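Visitor: Below you will find the structure I want to go over with you.
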Amino acid sequence: MKAKYGWAPCYAVWTEDGKFSVSSDCQPFGGDQGKSSIIASALILKRTAFRRFSVFYAPKGPLMDWTNESLRRRVLDDLQAFAKKQGAIFLKIDPDVILGRGIPVGGDEDSENSGQAARSDLRRRGWVESPEQIQFKNTVMVDLSAGEEEILMRMKQKTRYNIRLAERKGVTAREGRLEDLPMLYKMYAETSVRDGFVIRDEEYYMTVWKTFMQSPSPDYQSPAAIPLIAEYNNDPVAAIFLFTFAGRGYYVYGMSRSAHRDKMPTYLLQWEAMKRAKAGGCLIYDLWGAPDVFDESDAMWGVYRFKEGLGGEVIRTPGAYDFAPNKFLYALYSDAMPRVLNLLRARGRRRTKQA
Numbered sequence: 064m065k066a067k068y069g070w071a072p073c074y075a076v077w078t079e080d081g082k083f084s085v086s087s088d089c090q091p092f093g094g095d096q097g098k099s100s101i102i103a104s105a106l107i108l109k110r111t112a113f114r115r116f117s118v119f120y121a122p123k124g125p126l127m128d129w130t131n132e133s134l135r136r137r138v139l140d141d142l143q144a145f146a147k148k149q150g151a152i153f154l155k156i157d158p159d160v161i162l163g164r165g166i167p168v169g170g171d172e173d174s175e176n177s178g179q180a181a182r183s184d185l186r187r188r189g190w191v192e193s194p195e196q197i198q199f200k201n202t203v204m205v206d207l208s209a210g211e212e213e214i215l216m217r218m219k220q221k222t223r224y225n226i227r228l229a230e231r232k233g234v235t236a237r238e239g240r241l242e243d244l245p246m247l248y249k250m251y252a253e254t255s256v257r258d259g260f261v262i263r264d265e266e267y268y269m270t271v272w273k274t275f276m277q278s279p280s281p282d283y284q285s286p287a288a289i290p291l292i293a294e295y296n297n298d299p300v301a302a303i304f305l306f307t308f309a310g311r312g313y314y315v316y317g318m319s320r321s322a323h324r325d326k327m328p329t330y331l332l333q334w335e336a337m338k339r340a341k342a343g344g345c346l347i348y349d350l351w352g353a354p355d356v357f358d359e360s361d362a363m364w365g366v367y368r369f370k371e372g373l374g375g376e377v378i379r380t381p382g383a384y385d386f387a388p389n390k391f392l393y394a395l396y397s398d399a400m401p402r403v404l405n406l407l408r409a410r411g412r413r414r415t416k417q418a
């Protein structure tokens, strides 16, 4: 998927016997590792910049037990040596470790020890908080381990009311099909123009959505992603994509038409996604994104207020950190990238308005 957009994947694994290996195919994850178990891993994406130099990115990685200090030290040592050997401008990682729960009330007194230790290690080693955050630092997660009635009761009263309002108004939800995808992209484009955010070209989303809809989730009981479409009088008015992986459901893409928003179709869709994720064995529903700053100054504040009503808990992570062997090129890259992104966003806005 990423290879179509200039990224080349490689796979890093660490085993109990002290070995570290990097491969350009996924064999290390499924191949014969002898009698030694894999204790850490990372998908590392490589992209060429400034013609002959490269940047590396390990999304949501490396995966390991971040509370294990000796393992953490070993993995970071190897990653830094790898970046230097590859002549990287920088290597970016996204530690999927919890820094804290709930809205911070000041300082780090509500932070979790594993998150604090990971962040402290990175800073001590010269990693810097990335000016280019790819994933959301924070998110909202809903616990699906309870019964449906308890999950509903954890929601805010207004959210429960809006779910029932949508049902009373005749809004229904159905699972989408491949033939719905062009319509869903147009709805997504309409949403982006109305709400002022930039999306990619149609080919990108067609590729992503089709790939995951046609791929089984690890339990092989359902596709890795399904679109859920809300309809009023058989007319699609809103939709979301539910992704599932390793016991967790994810809300990644959401879209709606301007018409019939008063019938609250998005609330019904979120409830439908939770029920489906729970029925599929998921214990967590990740609403995928929360503000960096929890007040009205953050662009995600309005979206967060909607997610907050669904009864989830704010989960905070350290965010992305960069290790830059080449400080000079890293400074050039960091200076140039915002301008490039602004140019791409401007083009994206023009393209989306024409969709």
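In this text, residue positions in the sequence shown follow this note's numbering: the first is 64, and each later residue adds one. Glycine residues also receive a C-beta, built at the ideal position from the N, C-alpha and C atoms. Everything numeric in this text was worked out from a predicted model, so none of it was measured.
#1: Over what stretch of residues does the alpha helix (DSSP H) that includes N389 continue unbroken?
#2: Per DSSP, what kind of secondary structure is P91 in: helix, strand or coil?
#3: Indicate whether the contact test is met: 3 or more Cβ pairs, each with one atom in the region 172-190 and one in the region 128-138, closer than 8 Å.
#4: So the candidates are A293, D80, L108; which of them puts its Cα closest to the Cα of A86?
#5: Report the residue from P290, T254, R237, Y330 whose alpha carbon sits nearest the alpha carbon of N225.
#6: Taking the alpha carbon of L291 as the reference point, which residue from E266, V271, Y267, G317 has its own alpha carbon closest?
#7: With a cut-off of 8 Å, do at least 3 Cβ pairs link the region 141-149 to the region 365-375?
#8: To which residues does DSSP link T307 through a beta bridge?
#9: From R137 to S319, what does the alpha carbon distance come to, in whole angstroms?
#10: Contact defined as beta carbons within less than 8 Å: I believe L207 pairs with K341. What is the distance between those atoms, to the nearest angstrom?
#11: Since S432 is in the beta strand (DSSP E), which residue starts that stretch and which ends it?
#12: Straight-line CA distance for M269 to F199?
#13: Just list the beta strand (DSSP E) runs in the region 146-233, keeping only unbroken ones of 3 residues or longer that don't cross its boundaries, in chain order.
#14: Below 8 Å CB to CB, which residues in the same chain sit around S285 once its five sequence neighbours on both sides are set aside?
#15: Would I152 and Y314 qualify as a contact pair, given that the criterion is a beta-carbon distance under 8 Å?
#16: Between G352, K232, K390, which has its C-alpha nearest T380's C-alpha?
#17: Whole angstroms are fine: how far does the CA of G375 sit from the CA of C73?
#18: Is DSSP giving T78 helix, strand or coil here?
#19: For I101, which of E335, I166, F83, D88 has the nearest alpha-carbon?
#20: Would you list the residues sitting across from L106 in a DSSP beta bridge?
#21: In this structure, does DSSP put R240 in helix, strand or coil?
Guide: According to the structure shown:
#1: Following the DSSP letters along the chain, one finds N389 in no alpha helix (DSSP H), marked with neither H nor E.
#2: Its pLDDT being 44, under 50, P91 is placed unreliably by the model, and the measurement read from it follows with that caveat. In this structure, P91 counts as helix in the three-state DSSP scheme.
#3: Taking 8 Å as the limit for Cβ pairs, the verdict is that the region 128-138 does touch the region 172-190.
#4: The displayed chain sequence assigns Ser, not Ala, to residue 86. Of the candidates A293, D80, L108, the one whose C-alpha sits nearest the C-alpha of S86 is L108.
#5: Looking from the CA of N225, the closest CA among P290, T254, R237, Y330 belongs to Y330.
#6: Per the C-alpha coordinates, the member of E266, V271, Y267, G317 positioned closest to L291 is G317.
#7: Judged by pairs of C-beta atoms under 8 Å, the region 141-149 does not touch the region 365-375, as fewer than three such pairs exist.
#8: Within the DSSP bridge table, the entry for T307 names G312 as partners.
#9: Cα to Cα, the separation comes out at about 47 Å.
#10: Under the criterion of beta carbons closer than 8 Å, L207 and K341 qualify as touching, at roughly 4 Å.
#11: Since the first residue shown for the chain is 64 and the last is 418, residue 432 is missing from the structure and cannot be characterised.
#12: Their Cα atoms are separated by approximately 23 Å.
#13: 151-156, 201-206, all fully within the region 146-233.
#14: Excluding sequence neighbours, S285 sits near P279, T307, G343.
#15: No, these two residues do not count as a Cβ contact at 8 Å.
#16: The option with the nearest alpha carbon to T380 is G352.
#17: Approximately 35 Å between the Cα atoms of the pair.
#18: Residue state, collapsed to three classes: strand.
#19: Of E335, I166, F83, D88, the residue nearest in Cα terms is F83.
#20: Residue pairing from DSSP places L106 in a beta bridge opposite Y74.
#21: Correct three-state label for R240: coil.
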